[in-house]
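Residue numbering for the sequence shown follows my numbering, starting at 857 and increasing by one per position. A short worksheet on the structure shown next.
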Amino acid sequence: MLVPINMSVEEAEVLASDFGCIVGSFPFTYLGLHLGLSKPKIADFLPLVSRCERRLICTSTLLSQAGRLQLTNSVFSALPTFFMCTFKLHKTVIKQVDKYKKQCLGRVQI
């Protein structure tokens, strides 16, 4: 997909046909990230929070303390880091992710 910025529609269509792709527009999702022209809202980060929650809920009760520590470190270092490479996370999102991490490590029900 080609998303034109500072380019006429005709030029974008010519380039898209040369590259064999379609012309797109904002907002769109790329690799799970919601990309748009404005600063992302907290709701745009809900997929991150729900992915972290899903990965932890299923397996946290079946693992030892060391296993839960390894799981939380891998889940909470990979996914948020991927999002933070593109966006500055809201404090609310960071607090929610930390809450799930603490609950997983402490075997508290979510």
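Even glycine gets a Cβ: it sits at the ideal position worked out from N, Cα and C.
*Got a sec? Which residues, its chain only, sit under 6 Å from F939 by beta carbon, not counting five neighbours each side?*
For the purposes of this step, residue 939 is taken as the residue at position 83 of the sequence shown. Only L904 meet the Cβ criterion.
*Which residues in the same chain have their Cβ closer than 6 Å to the Cβ of T942, if we skip the five residues on either side of it in sequence?*
By one-based count along the sequence shown, residue 942 stands at place 86. The answer, listed in chain order, is L889.
*Please report the residue range of the beta strand (DSSP E) in which F1002 lies.*
Nothing can be reported for residue 1002: it is not among the residues displayed for the chain, which extend from 857 to 966.
*Starting from L945 and walking both ways along the beta strand (DSSP E), at which residues does that stretch end?*
Residue numbering aside, residue 945 sits at position 89 when the sequence shown is read from its first letter. For L945, there is no enclosing beta strand (DSSP E), as DSSP marks it with neither H nor E.
*asked:* Less than 7 Å between the C-beta atoms of Y956 and C908, yes or no?
replied: For the purposes of this step, residue 956 is taken as residue 100 along the sequence shown, with counting starting at 1. For the purposes of this step, residue 908 is taken as residue 52 along the sequence shown, with counting starting at 1. Yes.
*Around the Cβ of C960, are there at least 16 other Cβ atoms within 10 angstroms (buried) or fewer (exposed)?*
Stepping through the sequence shown from its first residue, residue 960 is reached at position 104. It is buried - the Cβ of C960 has at least 16 other Cβ atoms within 10 Å.
*Do the region 858–868 and the region 876–888 meet, that is, are 3 or more Cβ pairs less than 8 Å apart?*
Output reads yes: the region 876–888 touches the region 858–868.
*With L871 as the anchor, note down where its alpha helix (DSSP H) starts and where it stops.*
Along the sequence shown, one-based indexing puts residue 871 at 15. Looking at the DSSP string, the run of the alpha helix (DSSP H) that includes L871 is V865 to F875.
*Give every residue of the same chain whose Cβ lies closer than 6 Å to the Cβ of T948, excluding the five residues on either side of it in the sequence, and list them in chain order.*
Working through the sequence shown from its first residue, we reach residue 948 at position 92. So the list reads I898, once near-sequence residues are dropped.
*How should F901 be labelled, buried or exposed, when 16 other C-beta atoms within 10 angstroms of its C-beta is the threshold for buried?*
For this step, residue 901 is matched to residue 45 along the sequence shown. Result: buried.
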